[in-house]
Amino acid sequence: MSNYKNSVQIFTIGVNELDQRIDNYLFKSLKYIPKSKIYSLLRKGGIRVNGRHVKHIYRLKINDVIRVSSLWYFNKNNNIVKYFNNKFIMLLQRSILYEDEDLLIINKPSGIAVHDGTRLSNNILDGLRFLYSYNVFLELVHRIDRDTSGLLLLAKNRYSLCCLHRQFRNYQIKKKYLALVYGKWPIDLKIVDIPVIHKKICINSIKNKFSSINIKYSETHFSVKRYFKFSTLIRAKLITGKTHQIRLHTSYLGHCIAFDKLYGKFKFDNQLVHTGLKRLFLHAYELKFIHPRTNKTILIRAPLDKDLKICLDNL
Numbered sequence: 039m040s041n042y043k044n045s046v047q048i049f050t051i052g053v054n055e056l057d058q059r060i061d062n063y064l065f066k067s068l069k070y071i072p073k074s075k076i077y078s079l080l081r082k083g084g085i086r087v088n089g090r091h092v093k094h095i096y097r098l099k100i101n102d103v104i105r106v107s108s109l110w111y112f113n114k115n116n117n118i119v120k121y122f123n124n125k126f127i128m129l130l131q132r133s134i135l136y137e138d139e140d141l142l143i144i145n146k147p148s149g150i151a152v153h154d155g156t157r158l159s160n161n162i163l164d165g166l167r168f169l170y171s172y173n174v175f176l177e178l179v180h181r182i183d184r185d186t187s188g189l190l191l192l193a194k195n196r197y198s199l200c201c202l203h204r205q206f207r208n209y210q211i212k213k214k215y216l217a218l219v220y221g222k223w224p225i226d227l228k229i230v231d232i233p234v235i236h237k238k239i240c241i242n243s244i245k246n247k248f249s250s251i252n253i254k255y256s257e258t259h260f261s262v263k264r265y266f267k268f269s270t271l272i273r274a275k276l277i278t279g280k281t282h283q284i285r286l287h288t289s290y291l292g293h294c295i296a297f298d299k300l301y302g303k304f305k306f307d308n309q310l311v312h313t314g315l316k317r318l319f320l321h322a323y324e325l326k327f328i329h330p331r332t333n334k335t336i337l338i339r340a341p342l343d344k345d346l347k348i349c350l351d352n353l
């Protein structure tokens with residue numbers, strides 16, 4: 039029997055709960071859920087009283103019906119160890135672009151980490167495992183940054199995972215990105231092979247990441263897709279796949295990516311405020327590899343997110 043369930047929690051208020059603040063009542067009733075999550079659900083309407091959105095200071099009345107719309111999964115002791123709201127799970131369902139018995143490919147939304155280990159409650163891997171009721175083997179074949187959107191490949195069995203990892207090691211998997219960068223990208227700047235290191239030496243100095251000590255070879259191929267007044271939409275093809283590789287290469291050359299909180303320019307971001315953009319403009323739009331079972335070439339593309347399209351339309 040699975041120890042996971044999809045639940046809508048319903049609480050009816052009696053005389054013993056009269057005049058309690060709803061947040062204090064929920065802290066006791068949902069004691070395994072962090073207080074920050076309860077406040078978040080209240081703010082976003084995931085918790086309603088008699089069908090209405092209420093604030094955390096709301097005082098309970100007799101016969102009030104509290105409805106908590108969420109997805110939860112439980113451990114063996116029936117304690118809540120992770121929580122996903124309906125909106126997040128539905129977002130993951132809509133993001134699936136390709137699936138067969140061996141593979142799963144999604145169009146990852148920006149702002150969501152691909153795996154656990156961050157301070158964020160939601161992550162792609164755990165969310166997808168929950169979506170499949172933990173009846174399917176699921177592992178990440180590769181990773182992309184939390185703030186990057188686009189194609190993410192997962193394996194549904196150990197055989198496929200090993201085959202695809204081998205393709206990555208042999209540079210057989212081709213990944214292409216779209217990025218909006220500062221200034222006019224030189225038309226003849228097509229190959230960048232500046233070495234980078236995995237670990238940060240100094241968070242306040244970008245150039246310190248390019249060091250002769252413990253360096254890793256990295257190579258990115260660039261081409262211009264479109265010029266704008268003070269920016270350029272470029273294609274970036276990863277030859278190697280080091281952490282933050284595209285972001286580091288573009289920034290080091292003076293052409294940082296829009297809304298890059300780590301390597302970007304406030305001046306550039308400020309020039310884009312009128313477009314409505316509020317996130318990193320980096321999107322993994324194309325993925326090409328050999329299917330581990332059929333040996334056929336798989337080529338899949340992910341359309342630009344709506345906010346990125348709106349940004350370009352307003353430039």
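First residue of the sequence shown: 39, per the working numbering; consecutive thereafter.
Heads up, the beta-carbon is just placed ideally off N, CA and C, and yes, glycines get one too.
When only Cα atoms are considered, A340 and S187 end up about 9 angstroms apart.
Per the C-alpha coordinates, the member of K93, L190 and I272 positioned closest to I338 is L190. By the Cβ neighbour-count rule, F297 is buried, with 16 or more other Cβ atoms within 10 Å of its own. Of the candidates V53, I85 and G221, I85 places its Cα closest to the Cα of F65. Around the Cβ of D183, a 10 Å sphere holds 16 or more other Cβ atoms; the residue is buried. Take the alpha-carbon of L276 and the one of T313: they are about 28 angstroms apart. Out of K299, I328 and L218, the CA that lies nearest to the CA of L199 is found in I328. With a threshold of 16 other beta carbon atoms within 10 Å, Q131 falls short and is exposed.
Rounded to whole angstroms, the separation of the alpha carbons of G165 and N62 is 28 angstroms. DSSP places R285 in the uninterrupted alpha helix (DSSP H) bounded by Q283 to Y290. Contact between the stretch 285 to 296 and the stretch 216 to 226 is established, with three or more Cβ pairs separated by less than 8 angstroms. One thing to note: I225 has its Cβ no nearer than 8 angstroms to the Cβ of T258. In the same chain as I76, and ignoring 5 residues on each side of it, the C-beta atoms closer than 7 angstroms to its own belong to D61, L64, F65 and L68, in chain order. Distance from the Cα of S148 is smallest, within the candidate group F306, Y323 and I336, for Y323.
The residues R59, in chain order, have a CB closer than 7 angstroms to that of I95 in the same chain once the five nearest residues on each side in sequence are set aside. Taking the CA atoms as reference points, G302 sits about 31 angstroms from R81. If you draw a 10 Å sphere on the C-beta of F260, you find 16 or more other C-beta atoms in it, and that means buried.
Distance from the CA of V230 to the CA of R196, rounded to the nearest whole angstrom, comes to 34 angstroms.
For K194, the closest alpha carbon among the candidates L56, K146 and D140 is that of D140. According to DSSP, residue pairing for S107 in a beta bridge involves V46. About 37 angstroms separates the beta carbons of Y265 and K334, which is beyond the 8 angstroms limit, so they are not a contact pair. For the set P233, T50, L142 and V103, the Cα lying nearest the Cα of L178 is the one of L142.
Secondary structure note for R273: its beta strand (DSSP E) is the uninterrupted segment S269 to L276.
Scanning G52, L192 and L135 for the CA closest to the CA of V174 turns up L192. Our two residues, N160 and I150, have alpha carbons roughly 7 angstroms apart in a direct line. Contact fails between the stretch 122 to 130 and the stretch 98 to 106, because fewer than three Cβ pairs, one in each stretch, are under 8 angstroms apart. H321 has S187 and L216 as its beta-bridge partners, per DSSP. Here DSSP, grouped into helix, strand and coil, assigns E139 to coil. For S261, the enclosing beta strand (DSSP E) has its first and last residue at T258 to Y265.
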